[in-house]
Amino acid sequence: MPIRPIRQFPDPILKKNCQPVVALTLEVSRALNDLVDTLNASPGVGLSLPQIGFLWQGLAVDVSRRKKGGAGHGRIVLLNPRVVSSEGEQVFREGCLSIPDFLADVKRARRVRVEGMDVSGLPVRWDVEDFEAVVFQHEIDHLSGILFLDRVSNAKTDVFRRKKP
Amino acid sequence: MPYHYLLTASGPDCPGLVAQVTRVLYRLGCNLEDSSMTRLRGEFSILLIFSSSKPFVLKTLDKAFREIGRKNLLTVHVKLLTTPEMKKSLATRPLTLITAYGTDRPGLVYRLTERLARSRVNVTDVTTHRSASRRGAGYILILEAELPASLTRARLQNSLRPLARRLGMTVTVKPVDSVAL
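Listed in order, the protein sequences are those of chains A and B.
Numbering-wise (the numbering used here), the first sequence opens with residue 1 and increments by one.
Numbering-wise (the numbering used here), the second sequence opens with residue 1001 and increments by one.
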């Protein structure tokens, strides 16, 4: 399965709303395989379908790819995800594979319950917290064209240029 | 009643610039008040307010900075701040954060800030970033501003919508998050 180029800001696809997946067609399955392959080939812990050029509501999260991320639930591929409940808050310095130059401190819920559909079309529910909750909320934002830049709340303390390696 | 001065300095970045500038102020017996210092690409810039219990002849200050200016290719300028200027520096209203981003094109900053000026919005802080990717160049603007009492954030957001559409930018208006420490 091909590793696809990750769309980068200012690609207009990143600002579009994604359609829900109504049927697990061959096209959708291929897109999800590409999503996982592209995530695995990237330095990231989460990726959404619009970031590789598909306007469907789908994401892949795997916080175990990050040393300090904890195991979390391992790799999760989810379609039509939505946050059904949330509690607490946390501020985390986020980066994004689609905006490689910047990091920003973003305030999000500490624990979220996410519902959606798995790759076999079955309804699933995940209760995630801490770093994994951040990644889910970040990727779900992508499905509505929301970037972490939209969540910045203080110019002086929130946005940082990523240090060049 | 202390005397306040504004120092601006800019020049090629190198290690030790802040130390050299502040050493001069320390030796003159001055106190550092607010400052903003940053590096843009290879250029370092300082905007610094300092105070002193005794008045200085500006020539004395210029002379004190001449040597480090020459040594480091720094352009240094010092001016006396009046009491009304110092009082003005205190924010009178809660600040508003305006974020705008989209594909880079000429005139983005001008058009947005010109629209803000027409609404009597006073911009207090501007950070911009240009970001190049395979898809072209993106531009990110983050402004902090004081809104006139008659203008709500919701009204400002609405009034910026047509301009944002024309420029192909995402513009959001929200309160600046303040953190109590």
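Glycine included, every Cβ here is placed at the ideal spot set by N, Cα and C.
### Task
Check whether the Cβ atoms of A/G95 and A/L14 sit closer than 8 Å, and answer yes or no.
Taking 8 Å as the cut-off, the beta carbon of A/G95 is found no closer than this to the beta carbon of A/L14.
### Query
Apart from the five residues on each side of it in sequence, which residues of its chain come closer than 8 Å, Cβ to Cβ, to B/L1073?
Hits under 8 Å: G1011, P1012.
### Task
Following the continuous alpha helix (DSSP H) through A/N40, name the residue where it begins and the one where it ends.
Following the DSSP letters along the chain, one finds A/N40 inside the alpha helix (DSSP H) bounded by residues 26–40.
### Query
Under 8 Å between the Cβ atoms of B/H1004 and B/I1046?
No, they are not a contact pair.
### Query
Comparing the C-beta of B/S1133 with each C-beta of chain A, is any distance below 8 Å?
Closer than 8 Å to some Cβ of chain A, the Cβ of B/S1133 qualifies, so yes.
### Message
Going by C-alpha to C-alpha distance, which of B/V1173, B/P1148, B/L1141, B/F1065 sits closest to B/D1104?
### Response
For the residues B/V1173, B/P1148, B/L1141, B/F1065, the minimum Cα distance to B/D1104 belongs to B/L1141.
### Query
Any chance the segment 120–130 of chain A sits against the segment 1017–1030 of chain B, with 3 or more Cβ pairs inside 8 Å?
Contact fails: fewer than three Cβ-Cβ distances are below 8 Å.
### Query
Any idea what DSSP makes of A/E89, helix, strand or coil?
In the three-state reduction of the DSSP assignment, A/E89 falls in the coil class.
### Task
Rank B/L1058, B/S1131, B/T1096, B/R1111 by C-alpha distance to the C-alpha of B/L1007 and give the top, closest one.
If we check each option's Cα against that of B/L1007, B/L1058 comes out closest.
### Query
Helix or strand or just coil, what does DSSP make of B/L1181?
Residue confidence for B/L1181 is low, a pLDDT of 46 falling below 50, so the modelled location carries little weight and cannot support an answer.
#### Entry: Residue interval of the beta strand (DSSP E) (run including B/L1006)
Judged by DSSP secondary structure, B/L1006 falls within the beta strand (DSSP E) whose first and last residues are 1003–1012.
### Message
Among A/V77, A/L39, A/V45, A/Q57, whose alpha-carbon lies nearest the alpha-carbon of A/K16?
### Response
Nearest option by C-alpha distance: A/Q57.
### Task
Run down chain B in chain order and give the residues with a C-beta less than 7 Å from the C-beta of A/L149.
Here the neighbours are T1099, Y1101, I1140.
### Query
On the premise that B/L1095 lies in contact with B/E1033, defined as a C-beta separation below 8 Å, what is that separation, rounded to the nearest angstrom?
Contact between B/E1033 and B/L1095 does not hold, since their C-beta atoms are separated by about 19 Å, which reaches or exceeds 8 Å.
### Query
Roughly how many angstroms lie between the CA atoms of A/R30 and A/V119, to the nearest whole one?
Counting only the Cα atoms, A/V119 lies some 11 Å from A/R30.
### Message
Which runs of the beta strand (DSSP E) at least 3 residues long sit entirely within the segment 1119–1165 of chain B? Give them in chain order.
### Response
Listed in chain order, the complete beta strand (DSSP E) runs (minimum 3 residues) inside the segment 1119–1165 of chain B are 1122–1133, 1136–1146.
### Query
Among A/R75, A/L143, A/V22, which one has its Cα closest to the Cα of A/L49?
When each option's Cα is compared against that of A/L49, the closest is A/L143.
### Message
Can you check whether the C-beta of B/T1113 is within less than 8 Å of a C-beta belonging to chain A?
### Response
For B/T1113, the answer is no, since every Cβ of chain A falls outside 8 Å of its Cβ.
### Between the CA atoms of B/R1041 and B/G1029 - distance to the nearest angstrom
Between B/G1029 and B/R1041, the C-alpha separation is close to 32 Å.
### Message
Measuring straight from C-alpha to C-alpha, what distance separates B/R1118 and A/V45?
### Response
Straight-line measurement puts the Cα of A/V45 at about 44 Å from the Cα of B/R1118.
### Query
Any C-beta of chain A sitting closer than 8 Å to the C-beta of B/H1129?
Using a CB distance cut-off of 8 Å, B/H1129 counts as an interface residue toward chain A.
### Message
If the criterion is Cβ atoms closer than 8 Å, does the pair A/F102 and A/V134 meet it?
### Response
For the pair A/F102 and A/V134, the CB atoms are not nearer than the 8 Å cut-off.
### Message
One question on the structure: do A/S86 and A/A104 come within less than 8 Å of each other, judged by their Cβ atoms?
### Response
Contact flag unset, no.
### Message
Three or more C-beta pairs under 8 Å: does that hold for the segment 1120–1139 of chain B against the segment 2–13 of chain A?
### Response
By the Cβ rule, the segment 1120–1139 of chain B counts as touching the segment 2–13 of chain A, because three or more pairs are nearer than 8 Å.
### Task
Return the chain-ordered ranges of every alpha helix (DSSP H) run that is complete within the segment 1052–1126 of chain B and spans a minimum of 4 residues.
Under the rule that a run must span 4 or more residues, the alpha helix (DSSP H) segments found entirely inside the segment 1052–1126 of chain B read 1058–1072, 1083–1088, 1108–1118.
### Close-in-space but distant-in-sequence residues of the same chain around B/T1099 (CB under 6 Å, 5 per side omitted)
So the list reads I1142, T1172, once near-sequence residues are dropped.
### Message
Considering only DSSP beta bridges, list what B/S1045 is partnered with.
### Response
According to DSSP, B/S1045 shares a beta bridge with B/S1010, B/T1038.
#### Entry: Distance CB(A/N154)-CB(B/L1025) smaller than 8 Å
The Cβ atoms of A/N154 and B/L1025 lie no closer than 8 Å to each other.
### Task
Report yes or no: is there a C-beta of chain A within less than 8 Å of the C-beta of B/V1176?
Residue contact with chain A for B/V1176: present (Cβ-Cβ distance below 8 Å to some residue of chain A).
### Query
Between the Cα of A/G121 and the Cα atoms of A/T25, A/S98, A/R65, A/L39, which residue gives the shortest distance?
Comparing Cα-Cα distances from A/G121 to each of A/T25, A/S98, A/R65, A/L39, the minimum goes to A/T25.
### Message
Can you tell me which residues form a DSSP beta bridge with A/P171?
### Response
The structure shown does not extend to residue 171 of chain A, since chain A spans only 1 to 165, so no value can be given for it.
### Message
Considering just the uninterrupted stretch of the beta strand (DSSP E) at A/R108, what are its terminal residues?
### Response
Here the beta strand (DSSP E) through A/R108 covers 99–108.
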